[in-house]
Amino acid sequence: MKRLGMKARKERQRPRSRRLRLENLEARHLLSGIGLQVPIVPLTTGGPGPAVESQAISGDQDTSVQATAATSQKYTAPSDTQAWRDGATVHYQVFDPTTSTWKSGSTTYTANQVIVDLVHEDGVVAWTVARKYEGNGTIPHLVGFAIYDTDAGAWVTGESDNLGVLSVESLSTKDGVVAWTVGYPTGTGGYQAREVGGAVYDQALGAWQKFQTIGSQGIKSIENLVNENGMLAWTIGTPDGSGGYTETAVAAATYDYSAQAWQRYQVNAQAGTTIGGLDASKDAVTWKINYGSQAGDVGALLYDTALQKWRAFASQTGASTRVYDVSVAEGTIAWTFGSAGSSLKTGVGVAMYDVVRGGWQSDSVSYSDGRTVGELTNGDGVVAWSLVRSTGSGTQADVAFTTFDTASRRWVFGTAENPSMMDVAELTNVDGVVAWIYREPATGIQRSVGAAVFDPGRGEWKHFLEGATSISKVADLQNAGGLVGWKVTYTGTGGDVARDVVVIAYDYGLGQWQRNFTNYAASAQITHMVVADGTAAWATVNDVHLLTYDRLQDAWKSYNSTNSPLARVYELEADSGLVAWTLAYVDTSVSADPKPRDVGYAIYDPAAQAWNQTVDTYLADDIIEWLVIRDLSVQYSRGGTTYVRSFDATNQVWFTDPAVPQSVFVVEPTAVTAKRAIRFSDMSLGANDWQWDFGDGYQSQYRSTTHAFADVGVYQVVQTVTGPGGSDTSTTKIAVVPTDTPTDLGTVSSSILASQSPTDGVLWYKLTPNADGAFTVSVSGAGVSPDTAIAFVTVDSQGLYSLLGSGTTNVGVSGVTAGTSYYVAISGLTDAVNVQFDNPATLPLAASQQTLFGTDGDDVVDVSYNSGFVVTINGTTVNLDPAVVNLEILGFGGNDTITLHGGDGDETASIRGGHVSISSGPIGFEGDSFETIVYDAAGGADVVHLYDTAGDDVFTAKQGAGSLVGGGLSVAVRNVEYLHGYATAGGTDVAHLYDSAAKDLLTATADWTRLTGGGYLARAKGFEYAHGYSTAGGNDAAVMTGTAGDDTFIATPEWARLTMPGAMVRAKGFDSVTAAGKGGDDTAWLYGSNGDDVYTVGPDAAVMTGAGYRNTAVAFETVVGVAGGGSDIAHLEDTAGDDVFTAATNRATLVGSGLEFQARNFDYVHAYGNNGGTDVA
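Residue 4 is where the sequence shown starts when you use our numbering, and the numbers rise one by one after that.
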């Protein structure tokens, strides 16, 4: 069952006029008040024991805001950020996807200061501030930082402590972390880095959290600082007596969002050893431990977020071993080694932190059979390497791999089959999949492909081998996102030609490799191929072919274009699930190569279980200058204009706004024994940041991941994905069951087991239902606690468990089969309890569905669902059995009313012409022939679709509520997060969309209008008239897009309206309104207010702005600005062509290049001829 490096600068010369002796620093109180002594942990390398318990560094400056509640998590800022400096001022701006507007800010310092360094990455801006001294010298004495908080709708800034005469020596920002080093004056007029500082933004606190060390005593140095994936790590040097420093300690820092504090740790090298080769990943820090001039051991640090402790590790080989390569990825450490004094790599060491047991687990393998270790790869908890042996005809290689199996608490090693004694090339290790090419040692011809993956649910390696043939070769192996693809070439008269494509994927649910082979005709030719993020795409001269493996459906999903024989696929790109291509067309009358003129793009939509693709077609003379996939959107240029195409996963449409994310993931399997790992495969759309919360205190930031649970119970796993267009969250439940033998109850119909005593808080049963149908389990008694959970599971022929149902003190499952074994785990018990089972033979499988009937008169029906349906019809209440999970009610004649009460889960409802359909997990409801429908969705993330009648209908949507009235039908809904209205049946239909008290965005086209903000979405599709209202507060914006026909845009300070062929959209009360023309002969009228207004118009856009409003028209052929009262100013900018400007008392006109700009009744009109052409005024 499926469920869903920065180096610290050593010394920089400074002006000698501001030198200060070190002995005066403490007196100046530059870094005073807390002390300089820092506890250190010596890391043993020669004795027994793999790890050292952690002790946080104390005594450093930490000026973070004190946490009041552990509710924060990492904040991902909008990535489209710009920053620049102007003397003593830093300017920054960001594109806010929640409002589709740019948000600007700045920080200004005094005139005797200047901005020196300025960096920005991942939405964070950081800079250094220096004072000007005699001789124009500067010393950076302060670090500033800024980030835009979309929830607060504002830039949030912070600063380090003022360093006085100390200096900021290096500055970096990456993955939301700002890092810097602090330099102390030296005796030569320069500065030596001796301390480290860091800062991160905690959105829950609304403030920057920062720290700065003060433990160097003005003697030690910072030799190497790494800022990577939220982890800061640095080496500390001690004077070597000759003017230099020897690295003798490693320190690290990371921000714990649950504790809302920086957590730091330091490890000192053992006497006689030094540190080198510092590296860091998202989860761990690694370094080499040197014995003299040679590395002999590996050290590592990791922060356990659940235990809130640092955990240290060191290998135990000592000076007799030489360490070569060290790799760290996803908390797994791997290294190659050999004998000291030798240049041969004869072994591989591995270590990983076991979150289940809270300790490091290490192992190693050595080879003494003449084979040496070649390439070493490390990724997603899997380590793979090649084993090379010299032969008479070249080299022959095997591939070996290992991963840590939490269930068996051991490293599981494997070696791939190499039946033909071939060499290995292109060894890849991505997303848990190892893949490589086998080639002939003598000729170098690439003949076949091998692959391997570790199946955590089954605890074993699964191998794949593509059989080699003498007539075909392998080329262009690509491994990404769980897919491995390659071209198959065949030798022809003109050489090797790529004719086929093979793509493989491992299905963790089925426990099998899945293979897709094209098997094209002999005339086919593969001209492009790319595999990225779980998507494979290739081209056969004129057509594009797309492929992915849908893990929800256990099936390959493909798309194949059918272009003209004259078409040529010119470019093909794939990234982040998106595929984009350009098409050129052969002109048989000319010999020149064709140029691209059309653009295609596609994405696989898991909700629709299909590819969503389209092609933008243009005229024969058009040329596509460039194509790129960036910021989760397809972008291209035509005629110097940039076009953006993003996918709105919620509404399943392409649009020009930032991509709207949708969280989708697959869990395989859905139930496991304790400490056995589960694979979580992401299938989300529109996301570039992933946050997993496994419900056991651990989190992950990887796209797809594997996780093991230590204790028996039912866990709710939450995935939150973030992208340019916002964020989305989805959840699922998984069960962890005991590893020991269950109590076998035999065949069960209905029984009560009294005073059941749990073992370690758990009861574990095996049973066989007596009859087909429903089965319920309930628990009661003194041993029930808030942590009590029931899991009802089954097991397949391969020994994999699946979760069928879960609950706290009661769980019901429909569709059990007599004679089949099922298992029940009850966890979180504190004492003896009573357990009741119910499998009544009177409830056959068909009883899971029930139909009730109304009368020919006016019926009043009320329906709710908790542990079972409760239905009241005309005052008579019926309590249906919990086995009934699908209910149908027919209203028949009369004027019938139905009121529906939803549950706390996520529900989807569809209401059309008196018919209502609701689904909530396994629960389904159908109602028909009702004239009045009231639906209260209650809790959960609920989606409602309302469809119009053949008459004139009015659709109204407000935050969490809405209605549809017309054609004899009245529908009202409440507590709804996503509300969609559709006008498809006829009539003249009107939609009214109202804002929330938060910031809202109204987006409108001729086909649909959408209003989002304040945790809700309302959309009206197909309505002739759509009205948006901003009345509840917040800084609200509206964006309207016209048609290819002639459109008219009228905007006043109070309202704006876009009239298009067959549709009209109006926005009333919005702070800003933007309308964009899309073709045809479009006209815009922008009216000013009674106050002072500014009207600016040019070939790119026209803007009318005044107190409390801003209206913009983009790509309109005719724009007329009309002033109201006050002192109004107009700015008219020319085009790149020849323009004519005329002005009279109350009217000024600028005409050129097919555009006409007018300004009427303005007090001041300025015209500019700056853009080229021969202009006349």
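Cβ coordinates follow ideal geometry from the N, Cα and C atoms, glycine included. All figures in this text were calculated on a predicted structure; none of them were measured in a lab.
In this chain, the beta strand (DSSP E) harbouring Ser867 covers Val863 to Tyr868. With respect to Ala337, Val368 sits apart: the two C-beta atoms are not nearer than 9 Å. Annotation for Pro599: the continuous beta strand (DSSP E) segment containing it runs Pro599 to Asp608. Contact between Leu1135 and Tyr1167 is absent: CB atoms are separated by about 11 Å, not below the 8 Å threshold. Secondary structure at Ser323: helix, using DSSP grouped into helix, strand and coil. Listed in chain order, the beta strand (DSSP E) elements of length 3 or more contained wholly in the segment 254–324 are 264–271, 276–283, 287–294, 297–307 and 312–317. In this structure, DSSP gives Ser800 a state outside helix and strand, which the three-state scheme calls coil. Taking 9 Å as the cut-off, the beta carbon of Phe1052 is found no closer than this to the beta carbon of Ala1029. About 6 Å separates the Cβ atoms of Thr811 and Thr791, confirming a contact at the 8 Å cut-off.
Here Ala1021 has Ala960, Leu982, Leu996 and Leu1014 as same chain residues with Cβ atoms under 6 Å from its own Cβ, once five neighbours each way along the sequence are excluded. Under the 10 Å beta carbon count, Arg518 is surrounded by fewer than 16 other beta carbons and is classified as exposed. Partner residues in a beta bridge of Leu166, as assigned by DSSP, do not exist.
With contacts defined by Cβ atoms closer than 9 Å, Met686 and Asp553 form a contacting pair. Per the coordinates, the alpha-carbon of Val881 lies some 26 Å from the alpha-carbon of Ile755.
Arg648 is not a Cβ neighbour of Asp625, given a cutoff of 9 Å.
Between the C-alpha atoms of Arg915 and Val180 there is a straight-line separation of about 51 Å.
Assigned with DSSP and collapsed to three states, Thr591 falls in coil, not helix or strand. Across the structure, Ala419 and Thr530 are spaced so that their CA atoms are roughly 31 Å apart. For Leu832, there is no enclosing beta strand (DSSP E), since its DSSP letter is neither H nor E. Leaving aside the five residues that flank Asn898 on each side, the residues in its chain whose CB is nearer than 6 Å to its CB run, in chain order, Asp861 and Glu934. Put simply, the backbone Cα of Val887 is about 21 Å away from that of Asn877. The segment 794–801 makes no contact with the segment 698–706: fewer than 3 CB pairs, one atom from each, lie closer than 8 Å.
The beta carbon of Val946 sits closer than 6 Å to the beta carbons of Thr911 and Tyr981 from its chain, once the five residues preceding and following it are set aside; these are given in chain order.
Ser411 has its alpha-carbon roughly 39 Å from the corresponding atom of Ala944.
DSSP, read as helix, strand or coil, puts Asn381 in strand. In this structure, DSSP gives Lys177 an extended state, which the three-state scheme calls strand.
Between Gly344 and Gly244, the alpha-carbon positions lie close to 28 Å from each other.
Note that the segment 495–512 touches the segment 450–461; at least 3 beta-carbon pairs, one per stretch, sit closer than 8 Å. In the assembly as shown, Gln263 is a buried residue. Its beta-carbon has 16 or more other beta-carbons within 10 Å.
C-alpha of Ser82 to C-alpha of Ser296: approximately 43 Å in a straight line. Excluding sequence positions up to five before and after Thr84, its CB lies within less than 6 Å of the CB of Val97, His123 and Gly126, all in the same chain and listed in chain order. About 13 Å separates the Cβ atoms of Tyr562 and Gly580, ruling out a contact at the 8 Å cut-off. A check of alpha carbon separations from Ala583 across Ala595, Val533, Ala610 and Thr551 identifies Val533 as the nearest. Between the segment 989–1008 and the segment 1026–1042 there are three or more inter-stretch CB-CB distances shorter than 8 Å, so the stretches are counted as touching. When the Cα atoms are used, Asp286 and Ala255 turn out to be separated by approximately 11 Å. The beta-carbon distance between Ile118 and Thr184, rounded to whole angstroms, is 18 Å. This is too long to meet the 8 Å contact definition.
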